[in-house]
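Asker: The structure that follows is given in the form of structure tokens.
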Amino acid sequence: PEKVTYISCNPATMARDIKLYQELGYKLQKVQPVDLFPNTHHVEAVSLLVRVGETAK
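Everything in the sequence shown is counted per this note's numbering, starting at 31 for the first residue and increasing by one.
Rendered as structure tokens:
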């Protein structure tokens, strides 16, 4: 797909997976943290990846 919305509750796996997407020709365009559980250390992250370069259609 041209764009991927990636939602994660784990920063370590998000970093791992975004690296894989980048290897497939995607660029991380935006990340938005979302505090669904106030007063805890948990945070969700919504990111937008866009296909770039020769692999773009």
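Note that the Cβ used here is the ideal one computed from N, Cα and C, for glycine as well.
No experiment lies behind these values; they were computed from the predicted model shown.
Pop quiz: residue 74 and residue 64 are said to be a contact at Cβ under 8 Å. What is the actual Cβ separation, rounded to whole angstroms?
Answerer: About 4 Å separates the beta carbons of residue 74 and residue 64, which is inside the 8 Å limit, making them a contact pair.
Asker: Just how far apart, CA to CA, sit residue 84 and residue 49?
Answerer: 18 Å
Asker: By the 10 Å Cβ neighbour count, where 16 or more other Cβ atoms means buried, how is residue 54 classified, buried or exposed?
Answerer: exposed
Asker: Report the three-state DSSP secondary structure of residue 30 (helix, strand or coil).
Answerer: There is simply no residue 30 to check, as the chain begins at 31 and stops at 87 in what is shown.
Asker: Within a Cβ cutoff of 6 Å, which residues of the same chain sit near residue 34, ignoring the five residues on either side of it in sequence?
Answerer: Only 79 meet the Cβ criterion.
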